[in-house]
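J.: The numbering of the sequence shown is my numbering, which starts it at 287 and goes up by one. The beta carbon of each residue, even a glycine, is placed where N, CA and C say it ideally should be.
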Amino acid sequence: MKLSTKGRYGVRAMFDLAQHMGEGPVSLKSISERQGISEHYLEQLIAGLRKAGLVKSVRGAQGGYLLGREPDKIKVGDIIRVLEGPIAPTECVSEEDPECCTKAEYCITRTIWERVRDSIAEVLDSITLETMLEDAQKLESERSLYMYYI
């Protein structure tokens, strides 16, 4: 299973919103500049995230986007499912609507794909934007400490 740029960039954009939470609405232009993602592409991603309630929009001259929920309530799995669809290495084990296969009752490989799906979902659902913020803070502290000793 390979994530497309939709999922990867969507997580980056949502993390950017989390980092700037409390500073007011964030413009797509500023996310675009910080994350190196085209503004046009961000518009497409944000539209889906807004429809799912993960992002709120604010109109006007000082408008932009805000997280739709607190960072500890938004899982990476939520973002990936909105932008990429159900988590599944194959269609026959899709989270939402598994495609029935004539061999499903005795297919030995199906159990493998179910375990892969469940493992991926478990990891993605165990990480929230808050977790990412904490990890970024730790990384920054380690980097500062490392630079101090150089």
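Can you check whether the CB of L369 is closer than 9 Å to the CB of L335?
T.: By 1-based counting over the sequence shown, the position of residue 335 is 49. By 1-based counting over the sequence shown, the position of residue 369 is 83. It is a contact, given that the beta carbons lie within the stated cut-off.
J.: Just how far apart, CA to CA, sit V379 and L425?
T.: Residue mapping note: residue 379 aligns to position 93 of the sequence shown, counting from 1. Residue mapping note: residue 425 aligns to position 139 of the sequence shown, counting from 1. Straight-line Cα distance between these residues: approximately 36 Å.
J.: Beta carbon of G363, beta carbon of A407: below 9 Å?
T.: In the sequence shown, the residue the question calls residue 363 occupies position 77. In the sequence shown, the residue the question calls residue 407 occupies position 121. Yes, Cβ-Cβ distance for G363 and A407 is below 9 Å.
J.: Is the beta carbon of A299 less than 9 Å from the beta carbon of I317?
T.: Counted from its first residue, the sequence shown places residue 299 at position 13. Counted from its first residue, the sequence shown places residue 317 at position 31. The answer is yes: Cβ separation under 9 Å.
J.: So R403 and I373 are supposed to be a Cβ contact under 8 Å. How far apart are they, rounded?
T.: Within the sequence shown, numbered from 1, the residue matching residue 403 stands at position 117. Within the sequence shown, numbered from 1, the residue matching residue 373 stands at position 87. Right, their Cβ atoms sit about 6 Å apart.
J.: Can you tell which of E356, Q330, L419 and W399 has the C-alpha that lies nearest to the C-alpha of E377?
T.: Counted from its first residue, the sequence shown places residue 377 at position 91. Of E356, Q330, L419 and W399, the residue nearest in Cα terms is W399.
J.: How close, in whole Å, do the beta carbons of K361 and L328 come, if the pair is a contact with beta carbons under 8 Å?
T.: On the sequence shown, position 75 is the one that residue 361 refers to. On the sequence shown, position 42 is the one that residue 328 refers to. Incorrect: roughly 21 Å between the Cβ atoms, too far for contact.
J.: Use the C-beta contact count for V341: other C-beta atoms within 10 angstroms, 16 or more gives buried, fewer gives exposed.
T.: For the purposes of this step, residue 341 is taken as the residue at position 55 of the sequence shown. So V341 ends up on the buried side.
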